[in-house]
Amino acid sequence: MYKGDEQEKRQNQENKKNPMGNLGDSINRSKVGDIGALARGGCLTKIITVVIIIGGLFILSRCSN
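Okay, here's the thing in structure tokens:
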């Protein structure tokens, strides 16, 4: 079992005990972002993420010249 699975299981148990904590967690993640969610995503999510990163690097390289 992966560490992330154990963490997710503990998070689910905590959400059952304290449902309003989930709202606070969601708000915090929306402000900060959860890059791990992109890494755990499916194939399409990974492809889109890579395309965005490469596109951003390309734009930055063109703007710096």
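Just so we're aligned: the sequence shown equals residues 1 to 65 in full-length UniProt numbering. All residues carry an ideal CB built from backbone N, CA and C; glycine is no exception.
- Judged by their CB atoms, Asn22 and Asn15 are nearer to each other than the 7 Å cut-off.
- When rounded, the separation of the alpha-carbon atoms in Ile47 and Gly55 is 12 Å.
- Residue state for Gly21 is assigned as helix, using DSSP reduced to three classes.
- Within the same chain, no residue comes within 6 Å of Ser64 by CB-CB distance, once the 5 residues on both sides are set aside.
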